[in-house]
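Chemist:
In this note's numbering, the protein residues as written are 194 to 355.
1. Does the stretch 322–331 touch the stretch 269–282, meaning 3 or more C-beta pairs lie closer than 8 Å?
2. Assign residue 251 to one of three DSSP states: helix, strand, or coil.
3. Under 6 Å Cβ to Cβ from residue 342, same chain only, skipping five residues before and after it: list those, please.
4. Measure the C-alpha to C-alpha separation of residue 335 and residue 286 and round it to an integer number of angstroms.
5. Do residue 316 and the ligand NAP come close, with the Cβ less than 8 Å from some heavy atom?
6. Would you mind stating whether residue 219 and residue 350 have Cβ atoms separated by less than 9 Å?
7. Can you grab the Cα-Cα spacing for the pair residue 260 / residue 311, in whole Å?
8. Check the C-beta distance from residue 284 over to residue 339 and give it rounded, since I have them as a contact under 8 Å.
9. Considering just the uninterrupted stretch of the alpha helix (DSSP H) at residue 300, what are its terminal residues?
10. Here's the rule I'm using: 16 or more other beta-carbon atoms within 10 Å means buried, otherwise exposed. How should residue 302 be labelled?
11. Distance check for residue 243 and residue 265, CA to CA, integer angstroms please.
12. Where does residue 262 fall in DSSP's three states?
13. Compare the beta carbon distance of residue 230 and residue 344 with 9 Å and say whether it is the shorter of the two.
14. Over what stretch of residues does the alpha helix (DSSP H) that includes residue 321 continue unbroken?
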């Protein structure tokens, strides 16, 4: 992206300066900001990974749940619902990220993820459980797109191959 600023004097325009923002970001040294950014987003990414493995870990408890009475097929559907939500969430929120900004979408997807995860605990039927797992997946899919693109954008090119 090249930014050009023009100043108008009368009928003539004078060129003041031109800058290439991505090239400037690549020339910046690695700072405390970069470390904190990667740590904060990396921790969020790890917690998202925990969510992925959580369903398999609690499958036995879900089968024994007196409220939901889930079968092995139902638990498989919950996993498929989560994955479908993650894929569609990544596509939808990735598209929205370009229009609304990464920071805003990161917080929207984070709140969607937290809210849907909390709502999953209060599921009253298989349909509500599948819906909340889908929404949890959509939130995490959106977070993946925001996290990965933010880290890629702010990491200097010479450090991204490390």
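Ideal placement from N, C-alpha and C gives every residue a C-beta, glycine not left out.
Predicted, not measured: the structure shown is a model, and the values here were computed from it.
Modeler: Here's the rundown:
1. The count of Cβ pairs closer than 8 Å, one atom from the stretch 269–282 and one from the stretch 322–331, reaches three, so the stretches are in contact.
2. Reduced to three states, the DSSP call for residue 251 is coil.
3. So no residue of the chain qualifies.
4. Approximately 5 Å between the Cα atoms of the pair.
5. Questions concerning the ligand NAP fall outside what the structure shown contains, since it holds no ligand whatsoever.
6. Yes, the Cβ-Cβ distance between residue 219 and residue 350 is below 9 Å.
7. Each residue's alpha carbon lies about 16 Å from the other.
8. Contact flag wrong, Cβ pair sits at about 13 Å.
9. It spans 295–314 - the alpha helix (DSSP H) in which residue 300 sits, taken as one unbroken run.
10. Buried, since its Cβ has 16 or more Cβ neighbours within 10 Å.
11. Distance between the alpha carbons of residue 265 and residue 243 is about 21 Å.
12. DSSP places residue 262 outside both helix and strand once states are collapsed to three, so it counts as coil.
13. Cβ atoms of residue 230 and residue 344: closer than 9 Å.
14. In the DSSP assignment, residue 321 falls within the unbroken alpha helix (DSSP H) covering 319–347.
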